[in-house]
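K.L.:
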Amino acid sequence: MLLAALLVGAAGLHAAESPDYETQIRPILKEHCTHCHGEEEKPKGGVDLRLRRFMDGKTEDGSPVLTPGDPEKSALWTLVRDGEMPKKGKKMPEHQLALLAAWIKAGAKISEDEPAGPLPPGVYVSKRDRSFWSFQPVTKPTLPRFADQPELGPIDALVRTKLQAKQLDFAPEADPATLIRRATIDLTGLPPTPAETVAFVADASPDAYAKLIERLLASPAYGERWARHWLDVAGYADTNGYADADSVRPYAWRYRDYVIRSLNADKPWDRFIQEQLAGDELNAVSAANVAAAVLDPSKIDALTATAYLRLGPDGTGDTVADVALAKNQSIADTLRIVTTSLTGLTVACAQCHDHRYDPISQVDYFRLRAVFDPALDWRKWQTPAQRTASLYTAADKAKAAEIEKQAAAIDAEAAKMYKDALDVIFEQKILEVPEAERAAYRVARNTPVAKRTKEQAALIKKYFSAQATFGLDLYDKAADNKVVAKRAEATALRAKKPVEGRVSVLVEPVNASPKSELHHRGDHAQPRQAVTPGELSILGNPVIPVDDPKLPTTGRRLAYAKWLTSGDHPLVGRALMNRVWMHHFGRGIVNTPGDFGLLGERPSHPELLDYLAGRFVETGWSLKAMHREMMLSRTYRQSARNDAAQAADPDNALFGRYRIRRLDAETIRDAMLAVSGKLNPEMYGEPVTVGKTGDGRMIPGVEIRNANRDVIKVDTSSPAVYRRSVYLQQRRSGPATALATFDLPNMDPNCERRDLTTVAPQSLFLMNDEFVIERAKDLAARVIKEHPADENAQVRAAWVLTQGREPSAKELADFNRLLAEQTEHFAKLKPAKPVADASLKVKPVKVKSTSKKAAPQPTFPAPVATTQDVRVEALGSLCQVLLATNRFLHVD
Amino acid sequence: MSTKLPNGLCSRRHFLEAGGFGLGMLGLATLLRQDGLLAAPVKPLLGNEVFDLLPKQPPRPAKAKAMISLFMMGGPSQMDLFDPKPMLTKWHGQKFPGDIKYDNVAQASAKVLGSFWKFSRHGKCGMELSELLPHLGGVADDICLIRSMKSGVNNHLQGMLAVQTGRITAGNPTMGAWVTYALGSETKDLPAYVVMGHPSGLPTFANQHWSNGWLPSIYQGTFVRATAPHILNLDPPAALQGKPQERQMELLRAMNAEHAANHPGETDLQARIQSYELAGRMQLAAKEAFDISSEPKHVLELYGVGRKECDDYARRCLIARRLVERGVRYVQVLNQGQSWDNHGSIKSALPALCAATDRPSAALVADLKQRGLLDSTIVHWGGEMGRLPVLQNDAGEAKWGRDHNTYGFSQWVAGGGFKGGLTYGETDEWGHHAVKDVVNHYDWHATMLDCFGFDHDKLAFKRNGAALTLTNNQPARVVREILA
């Protein structure tokens, strides 16, 4: 009965029609059964379910595992039906049970030949598993041609094919003003200046757009913007995370600068990846010669790059409950960063058990981990502070020694002045000592404290106030001031010593030969069989040496990095190009950029993804070449409006329009700084610290603390607080509010894709936060300064800066009506002051709420004519609206 | 073909189609509809529905109107709190005789760990609870204790996603998003779905705890800070208060309407327009809602406000009640990180965790009851997993802990249609596997939605041609036995 019911339930199967073993049955067995029955060293109950032919045996109590044609005589089915199996894990759902029964009933046939002979323990990878799309070599797709649009390039042809299959076509091209804003924000993270927009709109030459892209790619802001994307997947932060302390990681910024420089230089990505994974090995650097190597200008870049392998959270330098666990977690996080950023695979679950869905075994995981073991050996661990190298050069050292010598001489001089002055005083003070004891007292005073005899000590104590060996300021303030001034000279001189910079570098110890073992259930305290370094077996079998005799290091990471960048790796090109595509188009071709496995989504345009991956290698791994190719496409240049495509494809998986989207956190802040004229373009260097204000916000600036170490204020006087967001200190536990409000990711350990939210606290930030209000006033002051005599021109300029267009006549009229009302309001608030000393800041004035009972009563002198500062306040209050509009916050 | 309404206003669709001016009125239209002045939802625009937070009626009458989830991330130890196992005491220190499914963590051991704590019976129902939960004992007759929870999903992230979203992959809607999608909000002054964080900041898995997934973004949870100010920037600067800010909003509405008219059907743009309207009203309402200073002394004492061990959690539970009172549909209160993940030192860690949460959690149930709100409010207390009967970290009693167990764990629920004074389901004699009346996460979701008046397989969202549900086409059972 039950069986019959289940069979009916099995999606439209006829009794005689068998489910396909490879595609329907084996995945069920892998999900529920083979973990115990086959993949462990000893199959449970002697039953191995990895191959069909293994199922011809018997269970421990002698009943047949499988009787083809008769589910009731198959323990494989009855035990599962009765809920006895699987012993652990979730029960097999009914539709899977039904499929299993149907397959047995139809004769339990296989659909793919099985290998002969015994199988070693572990995951059995069938031809079918190997045929999963993302494990296939990248192929060169055949490019479709369109008779009506023969000019379409490869990207457009592949996208249009899919669109036409749904009776759709591209949206028309976006207008030039939209295009320049889109491309500029996309490549630089900043809006175009009005002059740039005007010039581009006016440029009728056929290559105007291509020239625009070239100009943007050459801009230093390009590296700042695209570095941020890479820093997300690489898990960059300026603190160590993991422990509650979240201590500062003071030299991380050198890696950030390395990434910016590399991207601006269009460093080929094969090199870029090799440097990050093995910059030490590329330069034959180990612990033995790292100190000298970091001072070598030809090597420092590649060595700085290796900080990539130490970017994840690491609590081993702080107080943690279990240090061994913290070390192993740090290694696991590093592996996660490497695999998700470069291959788009999630391997983390294979740390504890064979992957339940993808053909990745636990042995695979620990073979991959063994690639990194020589440098990340948890038995020979280095804390974050220990794995840095000094950037002090010999010249720096010599200079510091010379300065120290001079300073010491000054100190000696000061000490002598001090003593001499006291000696003079002593000649007065000794008169307090009875004459008979004076000689002995003089000797005792001149004897160092530690060498005095008991009698001498007693004598000094007896006439304590006579000794005059300290406290010069009490006797002779003028003399003391001279000494203090002298000492200050030494301090000032010492401050001129070259500062000792440090860089985080990953190197292997000399003769590294770590024990690489599989950790039972991921537990480092339960090591099992030894493993040798290797790639995940499903992805290929490159030669990775245990210890390369030609290198001073083991050569493991270098071999792995070369394999990843060989052009033959099935995932690297696809994963990277998918992410670049995602940033340009708002959605990946694979919509799960961190999971190219079975649980991830399938590519919407597999041929396109392969085309891009192949093309990337062809261009010599040039990211800028790929930007060019993507951004010059018609697909990219489409308008965001395509009603037919939107109705049929709301997720825009077919790319039949440009996807309108909100700016990310950094771009919102940077754009506000840019349009208000406040942006400090200084590049590189130590991060701008963030501090906590009394009302709980984190803002750029320096925390000023009182004697109790409480923060009393955040000093924002430095122009550094107006630098681009990529230079703000990235604290894992306390990100800047302006960024956190707009979905800055948690770096725990990295971020594969940012999820953007739309919540009321963002609106409150835009309505009430000091940062926005101040930028709005800056914007008002800027346009007033640019158009001092023409108030309408001021408004138009603010619109162009923030909206990318001028207001219509009606919009201008509406704006001016509100502006007049705001002006009247601020004029009442402002005490009359000459323009000359008008401050841009409003003093906080208590205004009672505008309830009917108590209308606000101005307590100031009568309103004066529009002064400069009232104008700034009033126009600023509406400029703030311009910064809060959807048009400003989105790119379309 | 705009629908003329009795009061002379047009339908929302008309506003949207009217181009330059229309959407500026969306906020107004929303308000009117929330005030019951406008009729049922209008036809979809461009084939895409317009989504809102208007209060909606469930398909059948239901008790539950709101929910407070006291989410206990990390995996509270059921055999030390909710599920007494004398067998463990008897076998303490000996080798566990059966198979144990360990998770991914260090220091596994096969030695049985008997609970350090005694259990006793509470209430008329005689519910057995640990001495670590004395206050919960006081409301035993009002809660339903489920001892047979099971997810089978290892790892904290996947486990949390399973119990919050019904799926183990990221990017799917959470229960709170589903409930607000289904029922909208009873307040226009506060977010429909509020998440109260711990003072330490974002939880380990950040906004995955309150994600709207592929539901429109207005159904996303709004994260608020644990400590004052709970919401940053709630006050306009003095110079902008009142009329000046109203004028700002007037300009903003007009500009956003013009922009949205050029991008019809973009739900994110609509969501932001609505979020400004909400933010404007929150300025007036949220401060009052989050301010507990007006609560009488006996209520503050009931929750434990001012007590060192539980002050923070007490305040948040009390605020949760105030939010539900004011019409918030779904409140989630978070613990710190994965604090219940007691792999080691359970003997010292668990009493502190209980001291921080027991009194406030029980007070929430009692307080809702005395206000007549418990019948319409589901209170949920539970995490994403439980713990094993064997000890972990065999380095002395002080360091003993327990590893993950997803095959049998406990949670309790109260109010909103759940039976009080009921202990439901059993684990085996070791507390390892749920064996009787098993409730997996799909069953829990189906039962929870049932309390709100929805069939779990009918409350669906259409996406790319598929009708998606919280229970994700899994076999889910409404556990009628625990419903009043």
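If you read the sequences in order, they're chains D and P. The first sequence lines up with residues 1 to 892 when you count with the numbering used here. The second sequence lines up with residues 1001 to 1484 when you count with the numbering used here. Every residue, glycine too, gets a C-beta built ideally from N, C-alpha and C. Remember, predicted model here, so these are calculated numbers, not experimental data.
For R1272 (chain P) and chain D, any beta-carbon pair shorter than 8 Å?
P.N.:
Translated into the one-based positions of the second sequence, residue 1272 (chain P) becomes position 272. So, interface residue.
K.L.:
Would P1389 (chain P) pass as an interface residue toward chain D - the criterion being a Cβ-Cβ separation below 8 Å?
P.N.:
Indexing the second sequence from 1 puts residue 1389 (chain P) at position 389. So no, P1389 (chain P) is outside the interface.
K.L.:
Please tell me whether S839 (chain D) has its Cβ less than 8 Å away from any Cβ of chain P.
P.N.:
Locating residue 839 (chain D) in the first sequence gives position 839, counting from the first residue. Caution applies to S839 (chain D), whose pLDDT of 39 falls short of 50 and renders its modelled position unreliable; the value that the coordinates give is listed next. Closer than 8 Å: no.
K.L.:
Which residues of chain P have a Cβ atom closer than 7 Å to the Cβ of P176 (chain D), listed in chain order?
P.N.:
Here the question's residue 176 (chain D) lines up with position 176 in the first sequence. Those within 7 Å of P176 (chain D) in chain P number zero; the least Cβ separation is about 16 Å.
K.L.:
Which of the three DSSP states is assigned to R1480 (chain P) in this structure?
P.N.:
Counting from one through the second sequence, the residue named residue 1480 (chain P) turns up at place 480. The answer is helix: DSSP assigns R1480 (chain P) an H, G or I state.
K.L.:
Nearer than 7 Å: is that true of the beta carbon of L1334 (chain P) relative to any heavy atom of the ligand MN?
P.N.:
Absence of the ligand MN from the depicted structure is noted, as is the absence of any ligand whatsoever, leaving it without description.
K.L.:
Nearest-angstrom Cα distance between S1275 (chain P) and E1288 (chain P)?
P.N.:
Within the second sequence, numbered from 1, the residue matching residue 1275 (chain P) stands at position 275. Within the second sequence, numbered from 1, the residue matching residue 1288 (chain P) stands at position 288. Roughly 19 Å separates the two Cα atoms.
K.L.:
Using the C-alpha atoms, what's the distance from V201 (chain D) back to N750 (chain D)?
P.N.:
The count along the first sequence starts at 1 and reaches residue 750 (chain D) at position 750. The count along the first sequence starts at 1 and reaches residue 201 (chain D) at position 201. So the alpha carbons of these two residues sit roughly 40 Å apart.
K.L.:
Check the C-beta distance from D238 (chain D) over to P687 (chain D) and give it rounded, since I have them as a contact under 8 Å.
P.N.:
In the first sequence, counting from the first residue as 1, residue 238 (chain D) sits at position 238. In the first sequence, counting from the first residue as 1, residue 687 (chain D) sits at position 687. Indeed they touch by this definition, with Cβ atoms about 5 Å apart.
K.L.:
Within 8 Å, do at least three Cβ pairs link the segment 870-886 of chain D to the segment 777-784 of chain D?
P.N.:
The segment 777-784 of chain D, when compared against the segment 870-886 of chain D, does touch it at the 8 Å Cβ threshold.
K.L.:
Spatial neighbours of Q1158 (chain P) within its chain, please: CB distance less than 7 Å, with the 5 preceding and 5 following residues excluded, ordered by chain position.
P.N.:
Within the second sequence, residue 1158 (chain P) is the residue found at index 158, counting from 1. Excluding residues within five positions, the ones whose Cβ falls inside 7 Å are I1168.
K.L.:
Is K127 (chain D) buried or exposed, if buried means 16 or more other CB atoms sit within 10 Å of its CB?
P.N.:
For the purposes of this step, residue 127 (chain D) is taken as residue 127 along the first sequence, with counting starting at 1. Exposed, by the Cβ-count rule.
K.L.:
Of the residues that make up the segment 642-671 of chain D, which ones have a beta carbon closer than 9 Å to any beta carbon in chain P?
P.N.:
Those residues of the segment 642-671 of chain D that come within reach of chain P (Cβ to Cβ, closer than 9 Å) are D643, Q646, A647, A648, D649, P650, D651, A653, I660, R661 and R662.
K.L.:
Compare the Cα-Cα distances from P1086 (chain P) to each of P:L1070, P:S1077, P:G1114 and P:I1100 and report the closest residue.
P.N.:
Numbered from 1 along the second sequence, position 86 holds the residue referred to as residue 1086 (chain P). Of P:L1070, P:S1077, P:G1114 and P:I1100, the residue nearest in Cα terms is P:G1114.
K.L.:
Verify the CB distance criterion: does A1039 (chain P) have a CB-CB separation below 8 Å to chain D?
P.N.:
Counted from its first residue, the second sequence places residue 1039 (chain P) at position 39. Reliability fails at A1039 (chain P), whose pLDDT of 34 lies under 50, so the model's placement of it is uncertain and the value that follows must be treated cautiously. Cβ-Cβ to chain D under 8 Å: no for A1039 (chain P).
K.L.:
Taking 8 Å as the cut-off, decide whether the C-beta atoms of G1421 (chain P) and M1127 (chain P) are in contact.
P.N.:
What you label residue 1421 (chain P) is simply residue 421 of the second sequence in a count that begins at 1. What you label residue 1127 (chain P) is simply residue 127 of the second sequence in a count that begins at 1. Yes, they are a contact pair.
K.L.:
Would S725 (chain D) pass as a contact of D670 (chain D) if the rule is Cβ separation under 8 Å?
P.N.:
Against the first sequence, residue 725 (chain D) aligns to sequence position 725. Against the first sequence, residue 670 (chain D) aligns to sequence position 670. Yes, the pair counts as a contact, with Cβ atoms nearer than the cut-off.
K.L.:
Excluding the 5 residues flanking F146 (chain D) on each side, which residues of the same chain have their C-beta closer than 8 Å to its C-beta?
P.N.:
Walking along the first sequence from the start, residue 146 (chain D) turns up at place 146. Closer than 8 Å at the Cβ level, and outside the excluded window around F146 (chain D), lie L152, A157 and R160.
K.L.:
Since H1292 (chain P) is in the beta strand (DSSP E), which residue starts that stretch and which ends it?
P.N.:
Locating residue 1292 (chain P) in the second sequence gives position 292, counting from the first residue. It should be noted that the sequence gives Ile, not His, for residue 1292 (chain P). Taken as a continuous stretch (DSSP letters only), I1292 (chain P) belongs to no beta strand (DSSP E), as it is neither H nor E.
K.L.:
With H, G and I counted as helix, E and B as strand and the rest as coil, what does DSSP make of A1106 (chain P)?
P.N.:
As a position in the second sequence, residue 1106 (chain P) is number 106, starting the count at 1. Confidence is the limiting factor: at A1106 (chain P) the pLDDT is only 45, short of 50, which leaves the residue's position unreliable, though a coordinate-based value still follows. Residue state, collapsed to three classes: coil.
K.L.:
Could you list which residues in chain P have their beta carbon closer than 8 Å to that of H971 (chain D), in chain order?
P.N.:
Here chain D covers residues 1 to 892 and nothing more, so residue 971 (chain D) does not appear.
K.L.:
Counting pairs of beta carbons, one from the segment 274-282 of chain D and one from the segment 301-317 of chain D, are three or more of them closer than 8 Å?
P.N.:
Cβ pair count under 8 Å is three or more, so yes.
K.L.:
Residues in the segment 685-701 of chain D with C-beta within 8 Å of chain P's C-beta atoms, listed in sequence order?
P.N.:
Those residues of the segment 685-701 of chain D that come within reach of chain P (Cβ to Cβ, closer than 8 Å) are D695, G696 and R697.
K.L.:
Is DSSP giving F366 (chain D) helix, strand or coil here?
P.N.:
Sequence index remark: in the first sequence, residue 366 (chain D) carries index 366 (1-based). Of the three classes helix, strand and coil, the one that applies to F366 (chain D) here is helix, per DSSP.
K.L.:
Among D:A394, D:E432 and D:G677, which residue has its Cα nearest to the Cα of A293 (chain D)?
P.N.:
By 1-based counting over the first sequence, the position of residue 293 (chain D) is 293. With distances taken between Cα atoms, A293 (chain D) lies closest to D:A394.
K.L.:
If I'm right that D1401 (chain P) touches G1344 (chain P) with Cβ under 8 Å, what's the distance once you round it to whole angstroms?
P.N.:
If you number the second sequence from 1, residue 1401 (chain P) lands on position 401. If you number the second sequence from 1, residue 1344 (chain P) lands on position 344. One point to set straight first is that residue 1401 (chain P) is Gly, not Asp, in the sequence displayed. Contact flag correct, Cβ pair sits at about 4 Å.
K.L.:
Look at the alpha carbon of N1172 (chain P) and the alpha carbon of T1267 (chain P), and state the distance between them as a whole number of angstroms.
P.N.:
Position 172 of the second sequence, counting from 1, holds the residue named residue 1172 (chain P). Position 267 of the second sequence, counting from 1, holds the residue named residue 1267 (chain P). Whole-angstrom Cα-Cα distance: 17 Å.
K.L.:
How about F1461 (chain P) and V1179 (chain P): are their beta carbons less than 8 Å apart?
P.N.:
As a first step, residue 1461 (chain P) is located in the second sequence; it is residue number 461 there, counting from the start. As a first step, residue 1179 (chain P) is located in the second sequence; it is residue number 179 there, counting from the start. Not closer than 8 Å, so no.
K.L.:
With a cut-off of 8 Å, does the C-beta of F765 (chain D) fall near any C-beta of chain P?
P.N.:
On the first sequence, position 765 is the one that residue 765 (chain D) refers to. F765 (chain D) counts as touching chain P.
K.L.:
Along chain P, which residues have their Cβ under 8 Å away from the Cβ of K87 (chain D)?
P.N.:
As a first step, residue 87 (chain D) must be located in the first sequence, where it is residue number 87. D1099, listed in chain order.
K.L.:
Answer with yes or no whether the minimum CB distance from L779 (chain D) to chain P is below 8 Å.
P.N.:
Position 779 of the first sequence, counted from the first residue, corresponds to residue 779 (chain D). Judged by the 8 Å Cβ criterion, L779 (chain D) is not in contact with chain P.
K.L.:
Evaluate contact between the segment 213-233 of chain D and the segment 619-639 of chain D, counting only Cβ atoms and requiring at least three cross-stretch pairs below 8 Å.
P.N.:
Yes: the two stretches touch, three or more of their Cβ pairs being nearer than 8 Å.
K.L.:
To the nearest angstrom, how far is the alpha carbon of Q1411 (chain P) from that of L1388 (chain P)?
P.N.:
Along the second sequence, one-based indexing puts residue 1411 (chain P) at 411. Along the second sequence, one-based indexing puts residue 1388 (chain P) at 388. Their Cα atoms are separated by approximately 16 Å.
K.L.:
Can you check whether the CB of N1155 (chain P) is closer than 8 Å to the CB of D755 (chain D)?
P.N.:
For the purposes of this step, residue 755 (chain D) is identified with residue 755 of the first sequence, where counting begins at 1. For the purposes of this step, residue 1155 (chain P) is identified with residue 155 of the second sequence, where counting begins at 1. No, the Cβ-Cβ distance between D755 (chain D) and N1155 (chain P) is not below 8 Å.
K.L.:
Beta carbon of R438 (chain D), beta carbon of I425 (chain D): below 8 Å?
P.N.:
Position 438 of the first sequence, counted from the first residue, corresponds to residue 438 (chain D). Position 425 of the first sequence, counted from the first residue, corresponds to residue 425 (chain D). Result no, Cβ atoms of R438 (chain D) and I425 (chain D) do not sit closer than 8 Å.
K.L.:
Taking CB distances under 8 Å as the criterion, tell me whether R1315 (chain P) reaches chain D.
P.N.:
For the purposes of this step, residue 1315 (chain P) is taken as the residue at position 315 of the second sequence. So no, R1315 (chain P) is outside the interface.
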